[in-house]
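Everything below concerns the one structure shown next.
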Amino acid sequence: DARVTQTPRHKVTEMGQEVTMRCQPILGHNTVFWYRQTMMQGLELLAYFRNRAPLDDSGMPKDRFSAEMPDATLATLKIQPSEPRDSAVYFCASGLAGLVYEQFFGPGTRLTVL
Amino acid sequence: AQTVTQSQPEMSVQEAETVTLSCTYDTSENNYYLFWYKQPPSRQMILVIRQEAYKQQNATENRFSVNFQKAAKSFSLKISDSQLGDTAMYFCAFMKSPGTYKYIFGTGTRLKVLA
């Protein structure tokens, strides 16, 4: 049963600390997305990659957030330094562009910055 | 810019009844995709149904069907024979054109199915 995995599922940290969230997309998928979900803003697209190359990161605060795909099986989202307003659920999704355009979501990482 | 509006923040329905969730969108594009995703309390986002704008026939998946009105830019989701497991947040999503693969999500409708 292929699925997107994310680690950690929960993270509590203090303001100013670095946070790294990891995502393993479904094997064979060529597109990876990072979303942030909050009560106030809903689901926001932060960045997405096609064949490991960043296509759009306009939704991401550049001064503190960074997203990478070191290889086809791993995507990372880093926040440094973290702030309380970064508290949210972060979702990774993957898909295969050129087919039905469904995005397959991971279970999310709930981040709390104190 | 494209926008997606879900005007019903919360809804409830009795088990076995039918409920319709509304979604409207704004776009000048002619070719696009629309989706409904479900997010139960587990937080896992699950695709419920998709509709390609070029198809006139409304999509159907078991108890879930859509009423796609392209001219009115409306894309409502009908859930028939509601079940307790349908309790979730439902998000409508718009994808501008196949090349981008970017979704614009609505704010969601929280649906509660009552026993």
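Which chain is which? The protein sequence lines are A and B, in order.
Each step along the first sequence adds one to the number in my numbering, with nothing skipped, and position 13 is 13.
Take the position in the second sequence, starting the count at 1, then add 1000; the result is the number in my numbering.
Just so it is clear, CB atoms sit at the ideal spot from N, CA and C, and this is done for glycine as well.
These numbers were taken from a predicted model, which means no experiment stands behind them.
Against Tyr1101 of chain B, what residues of chain A qualify as contacts under a CB-to-CB distance less than 7 Å, listed in chain order?
Taking the first residue of the second sequence as position 1, residue 1101 of chain B is located at position 101. Neighbours of Tyr1101 of chain B on chain A, chain order: Thr31, Gly95, Ala97, Tyr101.
Under 8 Å, with one C-beta from each stretch per pair, do the segment 81-97 of chain A and the segment 1068-1081 of chain B reach the 3-pair mark?
no
Going by C-alpha to C-alpha distance, which of B:Ser1028, B:Leu1034, B:Ser1007 sits closest to Gln1051 of chain B?
Here residue 1051 of chain B refers to the residue found at position 51 of the second sequence. It is B:Leu1034 whose Cα lies nearest to the Cα of Gln1051 of chain B.
Where Phe105 of chain A meets chain B, residues with beta-carbon distance less than 7 Å
Counted from its first residue, the first sequence places residue 105 of chain A at position 105. Ordered by position in chain B, the residues that pass the 7 Å Cβ test against Phe105 of chain A are Gln1044, Met1045.
Consult DSSP for Pro84 of chain A and reduce its assignment to one of helix, strand or coil.
Mapped onto the first sequence, residue 84 of chain A falls at position 84. Reduced to three states, the DSSP call for Pro84 of chain A is helix.
On a CA-only basis, which of B:Val1048, B:Val1019, B:Lys1102, B:Cys1023 is nearest Lys1070 of chain B? Give me that one, please.
Taking the first residue of the second sequence as 1, we reach residue 1070 of chain B at position 70. Nearest of B:Val1048, B:Val1019, B:Lys1102, B:Cys1023 to Lys1070 of chain B, Cα basis: B:Cys1023.
Please report how far the alpha carbon of Thr7 of chain A lies from the alpha carbon of Gly106 of chain A, in whole angstroms.
In the first sequence, residue 7 of chain A corresponds to position 7, counting from 1. In the first sequence, residue 106 of chain A corresponds to position 106, counting from 1. Taking the straight line from one Cα to the other gives about 10 Å.
Cβ of Met1095 of chain B less than 8 Å from any chain A Cβ?
Position 95 of the second sequence, counting from 1, holds the residue named residue 1095 of chain B. Judged by the 8 Å Cβ criterion, Met1095 of chain B is in contact with chain A.
Classification of Gly1108 of chain B by the beta-carbon crowding that lies within 10 angstroms, buried from 16 upward:
The residue labelled residue 1108 of chain B in the question sits at position 108 within the second sequence. Result: buried.
Give me whichever residues DSSP pairs with Ala1053 of chain B in a beta bridge.
By one-based count along the second sequence, residue 1053 of chain B stands at place 53. DSSP output for Ala1053 of chain B lists no bridge partner at all.
Within 8 Å of any Cβ in chain A, is that where the Cβ of Arg1050 of chain B sits?
For the purposes of this step, residue 1050 of chain B is taken as the residue at position 50 of the second sequence. Closer than 8 Å to some Cβ of chain A, the Cβ of Arg1050 of chain B qualifies, so yes.
From the DSSP output, which residues share a beta bridge with Asp71 of chain A?
The count along the first sequence starts at 1 and reaches residue 71 of chain A at position 71. Bridge partners of Asp71 of chain A: A:Leu74.
Are there 16 or more other CB atoms within 10 angstroms of the CB of Lys1102 of chain B, so buried, or fewer, so exposed?
As a position in the second sequence, residue 1102 of chain B is number 102, starting the count at 1. With 16 or more Cβ atoms within 10 Å of its Cβ, Lys1102 of chain B is classed as buried.
Just to confirm my understanding: we take Val1113 of chain B, look at its own chain, exclude 5 residues before and 5 after, and list those with CB closer than 7 Å. What are they?
Translated into the one-based positions of the second sequence, residue 1113 of chain B becomes position 113. Val1013, Glu1015, Ser1082, Gln1083, Leu1084, Asp1086, Thr1087, listed in sequence order.
Paired residues, beta bridge with Ala47 of chain A - DSSP:
Here residue 47 of chain A refers to the residue found at position 47 when the first sequence is read from its first residue. Ala47 of chain A pairs with A:Trp34.
Output the boundary residues of the beta strand (DSSP E) element that contains Thr112 of chain A.
Translated into the one-based positions of the first sequence, residue 112 of chain A becomes position 112. Element bounds for Thr112 of chain A: 109-113.
Interface partners of Thr1107 of chain B on chain A, CB under 7 Å:
If you number the second sequence from 1, residue 1107 of chain B lands on position 107. Per Cβ cutoff of 7 Å: Gly42.
According to DSSP, is Leu27 of chain A helix, strand or coil?
As a first step, residue 27 of chain A is located in the first sequence; it is residue number 27 there, counting from the start. Leu27 of chain A falls in the coil class under three-state DSSP.
Among residues of its own chain, excluding the 5 on either side of Met1045 of chain B, which ones have a beta-carbon nearer than 8 Å to its beta-carbon?
If you number the second sequence from 1, residue 1045 of chain B lands on position 45. Tyr1037, Lys1038, Gln1039, Phe1091, listed in sequence order.
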